Each structure stands twice: as C-alpha cells, then as structure tokens.
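In our numbering, the protein residues as written are 135 to 211. For every residue, glycine included, the Cβ atom is placed at its ideal position computed from N, Cα and C. Note that the structure is a prediction, hence the values are computed from the model and not measured. Working notes, structure below.
Here it is, written out as structure tokens:
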C-alpha cells in the first residue's frame with residue numbers, strides 16, 4: 135500500500151496577529167507507515183522552525199489517517 139505525508143506548520147503569532155498555518159505534502163509516496171513516519175521526522179528536523187509547532191499526518195491511499203504526531207504526543211503523556 136502507498137502512504138503520503140502531510141506537514142502542518144502553525145507559526146506562533148504575536149499578540150496582535152492570528153496564527154499562520156502552512157500545510158503541504160511531501161512529494162514521495164512511502165511503502166510502509168514506518169517509512170512515512172521516518173521521512174516526516176527527518177523532514178521536520180531539517181525545517182527552520184521549532185519542532186513543537188509542526189504536525190505530521192500519514193494518510194493511506196484512500197485518504198484515511200493512519201498515523202499522526204498528535205497521536206504520538208498523546209500516547210507519550
């Protein structure tokens with residue numbers, strides 16, 4: 135099965151601005167959920183933003199969410 139990764143960056147706003155959100159997909163498809171997660175983590179590590187403001191989501195070819203950094207954060211608590 136093929137998986138895609140979506141990256142969401144929510145830049146912190148100053149007190150008088152709204153939060154700016156950017157979303158995009160990584161261009162490569164991935165064969166496994168694990169390889170998609172690894173690619174997302176590596177991509178986030180190379181961004182010039184605080185990792186805490188970045189969320190990744192892994193989708194299967196039908197568009198269903200199969201993994202997310204939000205889920206991992208919740209499990210870690």
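query                                                                                                       : result
Would DSSP call residue 192 helix, strand or coil?                                                          : strand
Per DSSP, residue 201 is paired with what?                                                                  : 192
Starting from residue 170, trace the alpha helix (DSSP H) both ways and give me its first and last residue. : 167-179
Alpha carbon to alpha carbon, what distance is there between residue 189 and residue 203?                   : 6 Å
With DSSP run on the structure shown, which of helix, strand or coil describes residue 187?                 : helix
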